[in-house]
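Going by full-length UniProt numbering, the first residue of the sequence shown is number 1, and it counts up by one from there. All C-beta atoms, glycine included, are put in the ideal place defined by N, C-alpha and C. Computed from a predicted model, the values in this text were never measured in an experiment.
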Amino acid sequence: MSKGLPKRSEDYSLWYNELVKRADLAENSAVRGCMVIKPYGYSIWEKMQAQLDKMFKETGHTNAYFPLFIPKSFLSKEASHVEGFAKECAVVTHYRLKNAEDGSGVIVDPEAKLEEELIVRPTSETVIWSTYKNWIQSYRDLPLLVNQWANVVRWEMRTRLFLRTSEFLWQEGHTAHATAKEAMDETIQMMNVYAQFAEEYMAVPVVKGRKTENERFAGADDTLCIEAMMQDGKALQAGTSHFLGQNFAKAFDVKFATKEGGLEYVWGTSWGVSTRLMGALIMAHSDDNGLLLPPKLAPIQVVIVPIYRGEAELEMISVKAKEIMSDLRKVGVSVKYDDRDTQKPGWKFAEYELKGVPVRIALGPRDLENGTIEIARRDNLSKETFDLSSQPIAEKISGLLEEIQQGIYKKAFDFRASVTTEVNSWEEFQQVLEEKGGFISAHWDGTSETEEKIKELTKATIRCIPLDRKEETGKCVLTGKPSQGRVYFAKAY
1 MSKGLPKRSE DYSLWYNELV KRADLAENSA VRGCMVIKPY GYSIWEKMQA QLDKMFKETG
61 HTNAYFPLFI PKSFLSKEAS HVEGFAKECA VVTHYRLKNA EDGSGVIVDP EAKLEEELIV
121 RPTSETVIWS TYKNWIQSYR DLPLLVNQWA NVVRWEMRTR LFLRTSEFLW QEGHTAHATA
181 KEAMDETIQM MNVYAQFAEE YMAVPVVKGR KTENERFAGA DDTLCIEAMM QDGKALQAGT
241 SHFLGQNFAK AFDVKFATKE GGLEYVWGTS WGVSTRLMGA LIMAHSDDNG LLLPPKLAPI
301 QVVIVPIYRG EAELEMISVK AKEIMSDLRK VGVSVKYDDR DTQKPGWKFA EYELKGVPVR
361 IALGPRDLEN GTIEIARRDN LSKETFDLSS QPIAEKISGL LEEIQQGIYK KAFDFRASVT
421 TEVNSWEEFQ QVLEEKGGFI SAHWDGTSET EEKIKELTKA TIRCIPLDRK EETGKCVLTG
481 KPSQGRVYFA KAY
C-alpha cells in the first residue's frame, strides 16, 4: 500500500499529495480548485468537528446557519473588509439557464440578470451583522454567542488538497458584546480553545500569538492566532480569533440600549478553523509509511485482523474477536474487525498502516490456544505478544492509546523545539532560513515597511508576535533600528 510512496526527504510536496490520495482522504474534483473529501477523510473531519462543537457549547455558544449568498452592497459597507476579500470572491450575476437556439447546449439566459450581484460567501461577517441588527436592541440581548458550520468559497489560483482549496469547510463564530473588554476576553478565550484542541486532540504543539497589522484579518482591530510547525520546517496558521471592535456594528448600524439608558454600538468578534486542520494533522505526524493519526481523532482506533485457513478457523477466531470488540467498545474505543476474504492479512496490515490506524491486533489459531494476541503500534511500528490473562484487554488498549497520543505530541513538540532558532543578525537569519527552516525568533523594528521588505527578500513572514514573549530591547535584524521584542518568522503554507 505504501510501496512507492514518495519519501518526505526527497519531495515533501509530492509525498503529501500522494499520501492524501492513497490514504483515501480526498481527491481533486471536476471543478478546478475544489476537492472531494472521501469517506475516510470526512470521518476524521467529523471527529474534529464533534470535539470542537462540544468545546464551543461548553463555552456558551450555540449553532445557527446563515445564507450562502451575500448581496454585493453588504461587502461595500466595511471598506477594509471588502479590500481584503475582493480578489477572492465568486460572483453570481444571473439566476437562470436556457437551451441555446442552435442546439449547442445550455447557456446563461441574458434576460435573467440579477438586479444586484450576489457574492458566494468568503466569510460571513457582513450577512451576520446585517442580521444582528434585527436581533439586538438592548443590553439584555447581549452577549450573543453564535457559531455556524458551513462551506465558504475563496477563489484560489494555486490549490492543494486541504491546505488551500477554492471551497472548504469550516466553522465561524460570530459574537456580539456590550463592552470592548468582554469582546477581547471572548477573542482570547476562543484562541485558547483552539490551542487546547490542537494540542490535546491533534497532538500538535502551537504558538499562541498576535498577528501584525499587515497580517491581521480584514476588518479586525486585532487578530490572535495559533501557529503550528510542519515537518518540512514550514509554519501553518491553524486557527484565528479576531477582535472586530465596533467596525461591523458601525457598518450595519447595530446599536443597543445600555442599562443607563444610552445608545451604543455593539462590540464584536469572529473566529474560525477549517479543513486546513486536516492538512496540519497529516503534515505534523505522518511518515514515509503513510498516515499517522493521534488516537483521539482516529476514526478506527483499533483494527482486528484474523489470520486463518478455512472457515472453521475463522469461525473460532471471530468468537474471540467479537468478545474483544465488546470489551473495547464498553470503554469507548472504536474498533473494526476486518474479516474480508478478498485480501490477505499482509495486505490488510499495509492498508491500516497507510491509513494511520493507531493499534492493530492480529489473532490466529495459535493465539487462541495460547490465550494471546499480537499487538502492533502504528507510531513506532513495534509489536508485542500480549497475554490476555495478564490484564483486562480494555485496560491494556486504553493505556496504550493514551501512551501513543502523548508520544505523538512529544515527538512533534521536540521537533518544533529543534527547528526554533534565535538569531541576532541578518546573515544568521538568512542562513538559518535557507539551511534549517522552522521558526526564527528575531528582533523586528515594528514597521510594516521592514516586514514587507523581509518578505520580499526571503519569502518569510512574521507568523506571530508570541503572547508570552519577553519584552526586551534589541536591534531589528534587517534595519538595526530599536526593537521591543522578538517575533516569529517562518516560511509558511
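Start and end residues, alpha helix (DSSP H) containing His285: Taking the first residue of the sequence shown as 1, we reach residue 285 at position 285. Where His285 is concerned, the enclosing alpha helix (DSSP H) stretches over Arg276 to His285.
Helix, strand or coil at Val20 [DSSP, three-state]: Locating residue 20 in the sequence shown gives position 20, where the first residue counts as 1. The answer is helix: DSSP assigns Val20 an H, G or I state.
Over the uninterrupted beta strand (DSSP E) stretch that includes His94, give me the two end residues. As a position in the sequence shown, residue 94 is number 94, starting the count at 1. Ala90 to His94 is the span of the beta strand (DSSP E), which, as asked, contains His94.
Given a threshold of 16 other Cβ atoms within 10 Å of its Cβ, counted over all protein chains shown, does Thr175 qualify as buried or as exposed? Here residue 175 refers to the residue found at position 175 when the sequence shown is read from its first residue. Classification of Thr175: buried, given that the 10 Å Cβ count is 16 or more.
Could you check whether the region 129-137 touches the region 107-117, counting it as contact only if at least three pairs of C-beta atoms, one from each stretch, sit closer than 8 Å? no
Cα-Cα, which of Phe413, Ala90 and Lys481 is closest to Pro122? Looking up residue 122 in the sequence shown gives position 122. Closest in alpha carbon position to Pro122, among Phe413, Ala90 and Lys481, is Ala90.
For the candidate residues Gly446, Ser29, Met278 and Pro345, whose alpha-carbon lies nearest to that of Ser43? As a first step, residue 43 is located in the sequence shown; it is residue number 43 there, counting from the start. For the residues Gly446, Ser29, Met278 and Pro345, the minimum Cα distance to Ser43 belongs to Met278.
Nearest candidate by alpha-carbon position, reference Ile70, set Val152, Val266 and Gly485: On the sequence shown, position 70 is the one that residue 70 refers to. Cα-wise, what sits closest to Ile70 is Val152.
Using only alpha-carbon positions, find the residue among Asp109, Asp287, Gly209 and Ala251 that is nearest to Asp11. Stepping through the sequence shown from its first residue, residue 11 is reached at position 11. For the residues Asp109, Asp287, Gly209 and Ala251, the minimum Cα distance to Asp11 belongs to Asp287.
Look at the alpha carbon of Gly438 and the alpha carbon of Glu186, and state the distance between them as a whole number of angstroms. The residue you call residue 438 lines up with position 438 of the sequence shown. The residue you call residue 186 lines up with position 186 of the sequence shown. Spanning the two alpha carbons is a distance of roughly 30 Å.
Quick check on this structure: which residue in Arg160, Glu395 and Leu97 has the alpha carbon closest to the alpha carbon of Cys34? Within the sequence shown, numbered from 1, the residue matching residue 34 stands at position 34. When each option's Cα is compared against that of Cys34, the closest is Arg160.
Where does Ala100 fall in DSSP's three states? On the sequence shown, residue 100 is found 100 positions in, with the first residue counted as 1. Ala100: coil per DSSP, three-state reduction.
Give every residue of the same chain whose Cβ lies closer than 8 Å to the Cβ of Arg8, excluding the five residues on either side of it in the sequence, and list them in chain order. As a first step, residue 8 is located in the sequence shown; it is residue number 8 there, counting from the start. Contacts found: Trp15, Gln231, Asp232, Asp287 and Asp288.
In terms of alpha-carbon separation, which member of Ala26, Val108 and Asn247 lies closest to Tyr95? In the sequence shown, counting from the first residue as 1, residue 95 sits at position 95. That would be Val108, whose Cα lies nearest to the Cα of Tyr95.
With a threshold of 7 Å (Cβ to nearest heavy atom), would Glu351 be considered close to the ligand COA? The ligand COA is not part of the structure shown, which contains no ligands of any sort.
Please list the terminal residues of the continuous alpha helix (DSSP H) segment that includes Trp45. Start at 1 with the first residue of the sequence shown, and residue 45 comes out as number 45. DSSP places Trp45 inside the alpha helix (DSSP H), whose first and last residues are Pro39 to Glu58.
With H, G and I counted as helix, E and B as strand and the rest as coil, what does DSSP make of Phe217? In the sequence shown, residue 217 corresponds to position 217, counting from 1. Residue state, collapsed to three classes: coil.
Where Phe256 falls: helix, strand or coil (DSSP): Numbered from its first residue, the sequence shown carries residue 256 at position 256. Correct three-state label for Phe256: strand.
Mapping the DSSP letters down to three states, classify Lys383 as helix, strand or coil. Start at 1 with the first residue of the sequence shown, and residue 383 comes out as number 383. Reduced to three states, the DSSP call for Lys383 is strand.
CB contact flag (Gly209, Pro466, <8 Å): Here residue 209 refers to the residue found at position 209 when the sequence shown is read from its first residue. Here residue 466 refers to the residue found at position 466 when the sequence shown is read from its first residue. A contact, by the Cβ cut-off of 8 Å.
CB contact flag (Arg377, Ile408, <8 Å): In the sequence shown, residue 377 corresponds to position 377, counting from 1. In the sequence shown, residue 408 corresponds to position 408, counting from 1. For the 8 Å CB-CB criterion, Arg377 and Ile408 do not form a contact.
Go ahead and label Lys453 buried or exposed: buried means 16 or more other beta carbons lie within 10 angstroms of its beta carbon, across all protein chains shown. Residue numbering aside, residue 453 sits at position 453 when the sequence shown is read from its first letter. When all chains shown are included, Lys453 counts as exposed.
Would you kindly check if the distance between the Cβ of Gln430 and the Cβ of Thr447 is under 8 Å? Locating residue 447 in the sequence shown gives position 447, counting from the first residue. Locating residue 430 in the sequence shown gives position 430, counting from the first residue. No, the pair does not count as a contact, with Cβ atoms beyond the cut-off.
Arg8: first and last residue of the uninterrupted beta strand (DSSP E) it sits in: Position 8 of the sequence shown, counting from 1, holds the residue named residue 8. No beta strand (DSSP E) holds Arg8; DSSP gives it neither H nor E.
Out of Leu145, Asn424, Pro299 and Glu435, state which residue places its alpha-carbon closest to the alpha-carbon of Val357. Translated into the one-based positions of the sequence shown, residue 357 becomes position 357. Residue Pro299 is the option with its Cα nearest to Val357.
Measure from the alpha carbon of Lys330 to the alpha carbon of each residue in Ile393, Lys344, Glu351 and Ile375, then state which is nearest. What you label residue 330 is simply residue 330 of the sequence shown in a count that begins at 1. The candidate whose alpha carbon is nearest that of Lys330 is Ile393.
Within a Cβ cutoff of 6 Å, which residues of the same chain sit near Asp221, ignoring the five residues on either side of it in sequence? In the sequence shown, residue 221 corresponds to position 221, counting from 1. Only Phe243 and Gly245 meet the Cβ criterion.
Count Cβ pairs between the region 421-430 and the region 385-402 that sit closer than 8 Å; are there 3 or more? no
Unbroken alpha helix (DSSP H) run spanning Arg416, endpoints: Taking the sequence shown and counting its residues from 1, the one referred to as residue 416 is at position 416. First-last of the alpha helix (DSSP H) with Arg416: Ile393 to Ser418.
Please say whether Arg22 and Leu5 have beta carbons closer to each other than 8 Å? Within the sequence shown, numbered from 1, the residue matching residue 5 stands at position 5. Within the sequence shown, numbered from 1, the residue matching residue 22 stands at position 22. In this structure, Arg22 lies closer than 8 Å to Leu5 by Cβ.
Which residues DSSP lists as bridging Ile373, in chain order: Within the sequence shown, residue 373 is the residue found at index 373, counting from 1. According to DSSP, which records beta bridges pairwise, Ile373 is partnered with Phe386.
Cβ-based burial, Gln237 [other Cβ within 10 Å; buried from 16]: The residue you call residue 237 lines up with position 237 of the sequence shown. With 16 or more Cβ atoms within 10 Å of its Cβ, Gln237 is classed as buried.
Cα separation between Ala228 and Pro205? Position 228 of the sequence shown holds residue 228. Position 205 of the sequence shown holds residue 205. If I take the Cα positions, the gap works out to 6 Å.
Going by DSSP, what residues sit across from Trp149 in a beta bridge? Sequence index remark: in the sequence shown, residue 149 carries index 149 (1-based). Answer is Gln171, bridged to Trp149.
Leaving out five residues before and five after Tyr65 in sequence, what residues of the same chain have Cβ atoms less than 6 Å from its Cβ? Taking the sequence shown and counting its residues from 1, the one referred to as residue 65 is at position 65. Residues of the same chain with a CB within less than 6 Å of the CB of Tyr65, apart from the 5 flanking positions on each side, are Gln148 in chain order.
If you draw a straight line from the alpha carbon of Met325 to that of Gln406, how long is it in whole angstroms? By one-based count along the sequence shown, residue 325 stands at place 325. By one-based count along the sequence shown, residue 406 stands at place 406. Roughly 24 Å separates the two Cα atoms.
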